[in-house]
Amino acid sequence: MKAILRGLMVVIVAGAIAWCGQYAIDHGKLGDLHFAEGRGPGLRVGGDGDGGEGRHRGQGNAGELIGTLLQMTAIATVVVIGGKIRQSRRRRSR
Amino acid sequence: MSDVRKRNAWNVVIDTAIFVAFVVATAPRFTGIALHEWLSLAFAAVIVIHVVIHWQWITTVGLSFMRKLGASGRFSFVLNTLLFVVVTLLIYSGIAISRDAMPALGIDIHGSMAWRGLHRAFSNISVVLIGLHIALHWRWIVNLFRRQSRTMVK
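Chain order of the listed sequences is L and U.
If you use this note's numbering, the first sequence corresponds to residues 31 to 124, in order.
If you use this note's numbering, the second sequence corresponds to residues -5 to 148, in order.
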């Protein structure tokens, strides 16, 4: 029962945050933001004559997944190693 | 199995599931949009469970934030709060631009184009924040996994 109530509280807080975001989009400057989409006509592949198939952003790109994993690992490693260095310096100064 | 061990086992399962789901969900080109959306909705549900499981830490640290908390504790609390806000907006912006999951649930979405760019921005920010979140709780994670593997060996 307690866990359900806590879960509901989490959902209500998340809902309030989402409502703020929606409000900022509808009434604030956020709605006017334009992000570069980065989508071009796509790379043309195939032989001469038929023009080939347009290659667009499709499925099967494992590089994106590995990239995210590497980014997170890099950040975590830097912070953990930084913490260890700080800890050993403290020990030495004692 | 004692209550603490049971809780630790659940922590390991849920936290691993969250991590794997997040990493896979950040690669929509790898999974395809449909799987990306459904996985993200499941991720949102598990995040609620993650927060409920760590409720005691949140209330304890939150209540002592102004009084007796050290700098690292304060930083951790601020980072976790920021992470919760960013992940909430990441999920909401994803729902606002949903092409598969929401229509499949019978919900018609007419999200603003601004949400698309914001979704990408929140995704990039959350990668950094989750990296920091893992790093800050690294010792706790390692100890938890060590304890769990020892229990499994026994």
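Positions of the beta carbon are idealized from the N, C-alpha and C atoms, including for glycine.
Check, Outcome
"Residue burial classification, Ile115/L (beta-carbon count within 10 angstroms, cutoff 16)", "exposed"
"Cα-Cα separation, Asp94/U to Tyr86/U", "15 Å"
"beta-carbon Ile34/L near the ligand ADP non-hydrogen atom, thresh 8 Å", "Ligands are entirely absent from the displayed structure, and the ligand ADP is therefore not among its contents."
"Span of the alpha helix (DSSP H) around Gly125/U", "107 to 130"
"Per-residue burial, Thr145/U [other beta carbons within 10 Å of its own, 16 or more giving buried]", "exposed"
"Minimum Cβ-Cβ distance from Leu83/U to chain L less than 9 Å", "yes"
"Integer Cβ distance of Leu35/L from Ala21/U, believed to fall under 8 Å", "With 8 Å as the limit, Leu35/L and Ala21/U do not qualify as a contact, their Cβ atoms being about 35 Å apart."
"Whole-angstrom distance between Gln142/U and Ala11/U, CA atom to CA atom", "16 Å"
"Close-in-space but distant-in-sequence residues of the same chain around Val40/U (CB under 8 Å, 5 per side omitted)", "Ile8, Ala11, Ile12, Ala15"
"is_contact[Leu73/L, chain U] using C-beta, thresh 9 Å", "Residue placement at Leu73/L is poorly supported in this model, since its pLDDT is 46, which falls under 50; the coordinates are not used for a value here."
"Through-space distance from Arg114/U to Phe37/U, alpha-carbon basis", "17 Å"
"Helix, strand or coil at Ala54/L [DSSP, three-state]", "helix"
"Thr53/U - DSSP class collapsed to helix/strand/coil", "helix"
"Range covered by the alpha helix (DSSP H) that runs through Met96/U", "95 to 98"
"Where Phe16/U sits in the DSSP three-state scheme", "helix"
"Closer than 9 Å to chain L by CB, Phe78/U", "yes"
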